[in-house]
Amino acid sequence: MKRMHTSQVLQELLSARMVAIVRGITRDQARTAGEGLIAGGVRLMEVTLNTDGALHMIEGWRSAYDGRAYVGAGTVLNLAMAKEAVQAGAQFLISPNIDQAVISFALEQGIDVWPGAMTPTEIVAAYEAGASAVKLFPMGSLGIGYLKEIRAPLNHISLMATGGVTIGNIAVLFRSEGRAQSGSAAR
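The sequence shown runs 134 to 320 under the numbering used here.
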């Protein structure tokens, strides 16, 4: 397993403990959304690749917010999507699944990859494959108790709670043993 040194993007994740997920907006709405996230102090912005025009949004945000925020691609399901995202300027890749080809490609490119996992076996597999953090998904179904229990044996792995993160539960997640929250929620 090739392990990256702690990158600036991962350091930001561990510090900010939040990634804003942008899904289902139009290219026209992207500028307003990006400005709002920047004004709100968000430093990690994920555009899901199942959003129409996602690659253009990544390109535009990289140009507009370079040095002020990190822009990544989410819902990266396979190697072809990973390559397109990196070509568009994605600074990190997030997926709901573990795809060894995506992880290997990201490591070759020197960018962070945060694959999704649910079970302890999947979490360790993603980490051992080289992921600098692992997306715990779907958090809304798993619940805060699961996060606390999974942290006990796996406290050496940065976990990012994703899915079902809301205004109503994000404070509890921040107080929990989780490291980061995404969506809406790192060590």
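The beta-carbon is built from N, C-alpha and C at its ideal position, and this holds for glycine as well.
Of the residues assessed, residue 179 falls on the buried side of the cut-off, its CB having 16 or more other CB atoms within 10 angstroms. For residue 245, the secondary structure class from DSSP, reduced to helix, strand or coil, is strand. For residue 154, the three-state secondary structure derived from DSSP is strand.
Contact annotation: the segment 177–193 touches the segment 215–225, with at least three C-beta pairs closer than 8 Å.
DSSP places residue 250 in the strand class (E or B) of the three-state scheme. In this structure, the straight-line span from the alpha carbon of residue 217 to that of residue 286 is close to 36 Å.
Taking 8 Å as the cut-off, the Cβ atoms of residue 150 and residue 270 do not count as close. Runs of alpha helix (DSSP H) with 4 or more residues, each lying fully within the segment 137–206, are found at 141–149, 160–172, 187–198, listed in chain order. It is roughly 29 Å from the alpha-carbon of residue 164 to the alpha-carbon of residue 267.
From the listed residues 261, 251, 300, the smallest Cα separation to residue 236 is found for 261.
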